[in-house]
Amino acid sequence: MNRRNFLVNTGIVGAGLLGAGNAAPGLLRAGTANNSDSNLTLEEKPVAFTLPRCRIRFDALEPYIDAKTMEIHHDKHHGA
Numbered sequence: 826m827n828r829r830n831f832l833v834n835t836g837i838v839g840a841g842l843l844g845a846g847n848a849a850p851g852l853l854r855a856g857t858a859n860n861s862d863s864n865l866t867l868e869e870k871p872v873a874f875t876l877p878r879c880r881i882r883f884d885a886l887e888p889y890i891d892a893k894t895m896e897i898h899h900d901k902h903h904g905a
């Protein structure tokens, strides 16, 4: 199997799982569910999230991953 076939096949399977996502919990439920979340309480105030500074320089993996990719990955991806 080459990379293209792998990506196509996993995309088809993934789309099928997303489409069946609403039906699957009903199929997997064995009996009546009791509300076990009644003891949980949410905090009054949301906690602020701060992105920690990257521990390595962005250009540390330069021969393999360029600095701009590392910067985008850390700042945008982890910041979200």
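In this note's numbering, the protein residues as written are 826 to 905.
Built from N, CA and C at the ideal position, the CB exists for glycine as well.
**OP:** Would you kindly work out how many angstroms separate the C-alpha atoms of P877 and G904, rounded to a whole number?
**Re:** Their Cα atoms are separated by approximately 9 Å.
**OP:** From the DSSP output, in three-state form, read off E896 for me.
**Re:** In this structure, E896 counts as helix in the three-state DSSP scheme.
Original post:
Would you call the CB atoms of H902 and C879 closer than 8 Å?
Top reply: No, Cβ-Cβ distance for H902 and C879 is not below 8 Å.
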